Amino acid sequence: MALTGEYVPSSQQWVRDQVAAFEASGGTEANTLPRTGDPIVVITSVGATSGKLRKNPVMRVEKDGKYVAIASKGGAPDNPSWYANFIAHPEVELQDGPVRRTYRARALAGDERAEWWQHAVATWPTYGEYQQKTDREIPVFLLEPVE
Numbered sequence: 010m011a012l013t014g015e016y017v018p019s020s021q022q023w024v025r026d027q028v029a030a031f032e033a034s035g036g037t038e039a040n041t042l043p044r045t046g047d048p049i050v051v052i053t054s055v056g057a058t059s060g061k062l063r064k065n066p067v068m069r070v071e072k073d074g075k076y077v078a079i080a081s082k083g084g085a086p087d088n089p090s091w092y093a094n095f096i097a098h099p100e101v102e103l104q105d106g107p108v109r110r111t112y113r114a115r116a117l118a119g120d121e122r123a124e125w126w127q128h129a130v131a132t133w134p135t136y137g138e139y140q141q142k143t144d145r146e147i148p149v150f151l152l153e154p155v156e
């Protein structure tokens with residue numbers, strides 16, 4: 010089911026620009042980080058308090074049709090704003106290139122978190138650096154397709 014509602018662009022200019030270029034091209038352009046060329050996906054979530062649609066580019070970490078979203082915020086001491094959105098409204102849309110699907114996000118713990126965290130760090134080693142910069146355990150969300 011497609012998420013509906015009013016879209017409110019990010020307060021961060023680079024996020025607004027990346028999402029706008031990604032969507033204007035149907036996901037065929039702006040699908041990598043400008044600085045590194047690493048692949049991203051765009052996740053649409055519902056704002057935890059506003060109820061408005063929010064869109065965020067996140068690193069593309071996929072395995073067997075499932076994705077993970079790592080709430081790293083570059084190793085900051087607090088979670089990214091989309092963390093609260095995923096907790097309050099776990100149904101999200103993820104667009105990987107031209108393919109957009111609905112997923113259910115759930116926070117991982119224990120061995121399952123450790124397994125997906127390892128996969129995320131193997132995919133994008135910078136996550137390991139981010140964990141070293143913060144005292145919090147960086148949350149890992151598994152996004153599973155909604156049938």
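Heads up, the sequence shown is in this note's numbering, so the first residue is 10 and it goes up one at a time. Note that CB positions come from ideal geometry on N, CA and C, so glycine has one too. The model shown is predicted, which means the values in this text are computed figures rather than measured ones.
Query, Result
"Is it true that the CB of residue 52 sits closer than 8 Å to the CB of residue 11?", "no"
"Find the nearest neighbour of residue 122 within the set 41, 62, 76, judged by alpha-carbon distance.", "76"
"If you drop the 5 nearest sequence neighbours on each side, which residues of the same chain put their C-beta closer than 7 Å to that of residue 106?", "36, 37, 40"
"Tell me residue 116's beta-bridge partners as DSSP assigns them.", "150"
"What's the gap between the Cα of residue 7 and the Cα of residue 70?", "The structure shown does not extend to residue 7, since the chain is modelled only from 10 to 156, so the question has no answer here."
"Should residue 149 and residue 125 be called a contact, given that it needs their Cβ atoms to be closer than 8 Å?", "yes"
"Determine which residues share a DSSP beta bridge with residue 62 and list them.", "16, 55"
"Where does residue 142 fall in DSSP's three states?", "coil"
"Classify residue 64: buried if its beta carbon has 16 or more other beta carbons within 10 angstroms, exposed otherwise.", "buried"
"What whole-angstrom Cβ distance do residue 68 and residue 49 have, given they're in contact under 8 Å?", "6 Å"
"Could you work out which residue in 118, 62, 44 is closest to residue 219 when comparing CA atoms only?", "Residue 219 cannot be examined here, being either before or after the span of the chain that is shown, 10 to 156."
"Any idea if residue 34 is buried or exposed, counting beta-carbon neighbours within 10 angstroms, 16 or more meaning buried?", "exposed"
"Give me whichever residues DSSP pairs with residue 82 in a beta bridge.", "Beta-bridge pairing links residue 82 to no other residue."
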